[in-house]
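Colleague:
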Amino acid sequence: MSFAFGIGVGTQNNQGEWLEVFYQQPIMTPDKTLIDVVESALDYQGGNQAIAASPEQLHQFANALRQVGQTDQAILAEKAAESTRPVVVTVLATDDTASSTPEVYLKLHLISHRMARPHGVKLDGIFGLLPNLAWTNEGAIDLNELPERQLSARIAGRTLEVKSVDKFPQMTDYVVPKGVRIADTARVRLGAYVGEGTTVMHEGFINFNAGTEGTSMIEGRISAGVMVGKGSDLGGGCSTMGTLSGGGNIVIAVGENCLIGANAGIGIPLGDRCKVEAGLYITAGTKVALLDDNGKLVEVVKARDLANQPDLLFRRNSQTGAVECVTHKSAIELNEELHANN
3 MSFAFGIGVG TQNNQGEWLE VFYQQPIMTP DKTLIDVVES ALDYQGGNQA
53 IAASPEQLHQ FANALRQVGQ TDQAILAEKA AESTRPVVVT VLATDDTASS
103 TPEVYLKLHL ISHRMARPHG VKLDGIFGLL PNLAWTNEGA IDLNELPERQ
153 LSARIAGRTL EVKSVDKFPQ MTDYVVPKGV RIADTARVRL GAYVGEGTTV
203 MHEGFINFNA GTEGTSMIEG RISAGVMVGK GSDLGGGCST MGTLSGGGNI
253 VIAVGENCLI GANAGIGIPL GDRCKVEAGL YITAGTKVAL LDDNGKLVEV
303 VKARDLANQP DLLFRRNSQT GAVECVTHKS AIELNEELHA NN
């Protein structure tokens, strides 16, 4: 059984190199009948392939898809046949390391469509396959071609607005998941997993291969590789240390019903119902004083020794400056009304 499939409409530069691809209806673990049609209609030879398809091929492909009952994909193929932009049919037989830009975009779409979870697909090596582009109000543009496009737009009486220069586009230009609020869409990258019920406020940020289970208020940063559990809130300006920002191979995660205070941060995975005091940044090597029920010191440990433990409150002693940790099973009651109306 194949891993993934998608009919994509994309952008190429003047050299015919793929810059980006939009997959409206990607499929995870497609039926064998669909892949058989790809083999017969588009000369698919097996393995992981991104097949450029002409309008004539797409019409034939659509007819063959209808004959085997793949109506939705047939309709998509017919629409793609009328595209003024290049079309690619991408088949991933396995979740091996990607070898082309269309393959990478298909994997990112799978995550943002909630078909695959962060860490659920192989994304190693993707930076070399994602060109750095100008993302504009007229789509993705090769940076070498941008000056000429800007001039052409001005001569035609238009302004070409460059929204960002990056390898990743914003997610909502490709996928808008059901049941979410995103105040500033530029702060959520394609490849983010945004769970139903999540609110991302203006200063919130979600990187690719990261995200939320849902019913969370995100006013801080969710770095690459980090997953936030249901009912957890990230306060304004807080951050989570991802695998691209010094976290190494440690998978940082936030459990359910946690609270990371404003301007705080974590470099360890948190268990359920944990709280980090505002302004306190905990890294794996932070020395933490464990306190008993009477507030007496039990021992001093490194924060990594408390990874994934539930019901912990991390705070800084305002007199001594020491980082302390106490249990607080009843100390946090997140605003259920807020979550219910996200």
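Note that the working numbering has the sequence shown beginning at 3, numbered continuously upward.
C-beta: ideal position from N, C-alpha, C; glycine also.
Restricting to Cα atoms, I'd like to know which of E80, G199, G193, G233 is closest to S225.
Modeller: Stepping through the sequence shown from its first residue, residue 225 is reached at position 223. Nearest Cα to S225 within the set E80, G199, G193, G233: G193.
Colleague: List the DSSP bridge partners of Q172.
Modeller: For this step, residue 172 is matched to residue 170 along the sequence shown. Beta-bridge pairing links Q172 to R191.
Colleague: How about the stretch 205-218 and the stretch 229-240: do they share at least three Cβ pairs that are nearer than 8 Å?
Modeller: yes
Colleague: Since R317 sits in a beta bridge, which residues does DSSP pair it with?
Modeller: For the purposes of this step, residue 317 is taken as the residue at position 315 of the sequence shown. DSSP, once it has assigned bridges, lists E326 as partnering R317.
Colleague: Going by the CB atoms, is the gap between G257 and C240 shorter than 8 Å?
Modeller: Taking the sequence shown and counting its residues from 1, the one referred to as residue 240 is at position 238. Taking the sequence shown and counting its residues from 1, the one referred to as residue 257 is at position 255. No. Outside cutoff.
Colleague: Starting from the C-beta of L7, find all residues in its chain whose C-beta is less than 6 Å away, skip the five residues before and the five after it, and write them out in chain order.
Modeller: Taking the sequence shown and counting its residues from 1, one reaches residue 7 at position 5. Note that residue 7 is Phe in the sequence shown, not Leu. Within the same chain, I29, P32, V93 come within 6 Å of F7 by CB-CB distance, once the 5 residues on both sides are set aside.
Colleague: Could you check the C-alpha separation between T285 and P271 for me, to the nearest Å?
Modeller: For the purposes of this step, residue 285 is taken as residue 283 along the sequence shown, with counting starting at 1. For the purposes of this step, residue 271 is taken as residue 269 along the sequence shown, with counting starting at 1. In a straight line, the C-alpha of T285 is about 10 Å away from that of P271.
Colleague: Tell me where the beta strand (DSSP E) around A55 begins and ends.
Modeller: By 1-based counting over the sequence shown, the position of residue 55 is 53. 51-55 is the span of the beta strand (DSSP E), which, as asked, contains A55.
Colleague: Exposed or buried, what is M3 when buried is set at 16 or more other beta-carbons lying within 10 Å of its beta-carbon?
Modeller: As a first step, residue 3 must be located in the sequence shown, where it is residue number 1. It is exposed - the Cβ of M3 has fewer than 16 other Cβ atoms within 10 Å.
Colleague: When the Cα atoms are used, what is the spatial distance from W20 to F129?
Modeller: On the sequence shown, residue 20 is found 18 positions in, with the first residue counted as 1. On the sequence shown, residue 129 is found 127 positions in, with the first residue counted as 1. Roughly 14 Å between the two C-alpha positions.
Colleague: Between E105 and the rest of its own chain, which residues show a CB-CB distance below 7 Å, the 5 nearest in sequence each way excluded?
Modeller: Here residue 105 refers to the residue found at position 103 when the sequence shown is read from its first residue. The residues are N50, A52, T92, L94.
Colleague: Where does A333 fall in DSSP's three states?
Modeller: The residue given as residue 333 occupies position 331 in the sequence shown. With a pLDDT of 38 at A333, under the threshold of 50, the modelled position of that residue is not reliable, and no figure is offered here.
Colleague: Kindly list the residues whose CB is nearer than 7 Å to the CB of N15, restricted to its own chain and excluding five residues on each side of it in sequence; keep chain order.
Modeller: Translated into the one-based positions of the sequence shown, residue 15 becomes position 13. Excluding positions up to five away in sequence, the list reads L21, D144, E147.
Colleague: When you compare only the Cα positions, how much space is there between R151 and C260?
Modeller: Taking the sequence shown and counting its residues from 1, the one referred to as residue 151 is at position 149. Taking the sequence shown and counting its residues from 1, the one referred to as residue 260 is at position 258. Rounded to whole angstroms, R151 to C260 spans 48 Å at the Cα level.
Colleague: For E301, count the other beta carbons within 10 Å of its own beta carbon; 16 or more makes it buried, fewer makes it exposed. Which is it?
Modeller: Locating residue 301 in the sequence shown gives position 299, counting from the first residue. E301 should be labelled exposed.
Colleague: Taking 6 Å as the limit between beta carbons, can you name the residues of its chain near Q172, skipping five residues before and five after?
Modeller: Indexing the sequence shown from 1 puts residue 172 at position 170. Excluding sequence neighbours, Q172 sits near T187, A188.
Colleague: Report the residue from D294, L132, G273, R116 whose alpha carbon sits nearest the alpha carbon of A212.
Modeller: Here the question's residue 212 lines up with position 210 in the sequence shown. Answer by Cα proximity: R116.
Colleague: Using a 10 Å radius around the Cβ and a threshold of 16 neighbouring Cβ atoms, would you call D47 buried or exposed?
Modeller: Counting from 1 along the sequence shown, the entry for residue 47 is found at position 45. The sequence given here has Gln at residue 47, not Asp. By the neighbour-count rule (16 or more Cβ atoms within 10 Å), Q47 is not buried but exposed.
Colleague: Note down the Cα distance separating T293 from G10, rounded to an integer number of angstroms.
Modeller: The residue you call residue 293 lines up with position 291 of the sequence shown. The residue you call residue 10 lines up with position 8 of the sequence shown. In the sequence on display, residue 293 carries Leu and not Thr. Going from the Cα of L293 to the Cα of G10 covers about 56 Å.
Colleague: With the cut-off set at 8 Å, would you say S114 and Y195 are in Cβ contact?
Modeller: Translated into positions along the sequence shown, residue 114 becomes position 112. Translated into positions along the sequence shown, residue 195 becomes position 193. Their beta carbons are under 8 Å apart, which means S114 touches Y195 by this criterion.
Colleague: Find out if the Cβ-Cβ distance for the pair A266, G281 is shorter than 8 Å.
Modeller: The residue given as residue 266 occupies position 264 in the sequence shown. The residue given as residue 281 occupies position 279 in the sequence shown. Yes, they are a contact pair.
Colleague: Taking contact to mean 3 or more Cβ pairs, one atom from each stretch, closer than 8 Å, check whether the stretch 65-75 and the stretch 33-44 are in contact.
Modeller: yes
Colleague: Shortest alpha-carbon distance to R306 belongs to which of G273, E279, K169?
Modeller: As a first step, residue 306 is located in the sequence shown; it is residue number 304 there, counting from the start. The shortest C-alpha to C-alpha distance from R306 to any of G273, E279, K169 is the one to G273.
Colleague: Need the endpoints of the beta strand (DSSP E) that Y25 sits in, please.
Modeller: For this step, residue 25 is matched to residue 23 along the sequence shown. Note, Y25: beta strand (DSSP E), 20-25.
Colleague: What is the C-beta distance between R317 and E279, in whole angstroms, given that I count them as a contact (C-beta under 8 Å)?
Modeller: Here residue 317 refers to the residue found at position 315 of the sequence shown. Here residue 279 refers to the residue found at position 277 of the sequence shown. Contact flag correct, Cβ pair sits at about 4 Å.
Colleague: Helix, strand or coil for A291, going by three-state DSSP, please let me know.
Modeller: One-based indexing of the sequence shown puts residue 291 at position 289. In the structure shown, A291 adopts extended strand secondary structure according to DSSP, grouped into three states.
Colleague: DSSP three-state label for L132, please.
Modeller: Here residue 132 refers to the residue found at position 130 of the sequence shown. Coil.
Colleague: Contact defined as beta carbons within less than 8 Å: I believe G12 pairs with P88. What is the distance between those atoms, to the nearest angstrom?
Modeller: In the sequence shown, counting from the first residue as 1, residue 12 sits at position 10. In the sequence shown, counting from the first residue as 1, residue 88 sits at position 86. Rounded, the Cβ-Cβ distance is 6 Å, consistent with contact.
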